[in-house]
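Numbering (my numbering), first residue to last: 19 to 84. Just below is one structure, and these are the notes that go with it.
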């Protein structure tokens, strides 16, 4: 299977956001994650790293502007 798990990296730690992600779709100022069952999650983040052999998508929240 080719799906990956999505993690949000904060303070050097990775927190699981979604399992079995099939699609990552840029939308507005964020990303839509879609799993193999069609469930979707919108997150305001950017891709930090894609570790495809390890089936990991590492995301970081965008820095907020003052």
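Each residue gets a CB set at the ideal place from its N, CA and C atoms; glycine is no exception.
Quickly, what does DSSP pair residue 79 with across the bridge? List them, please. Answer is 63.
Quick one: what's residue 27 bridged to in DSSP? 32.
C-beta atoms of residue 70 and residue 25 nearer than 8 Å: No, the Cβ-Cβ distance between residue 70 and residue 25 is not below 8 Å.
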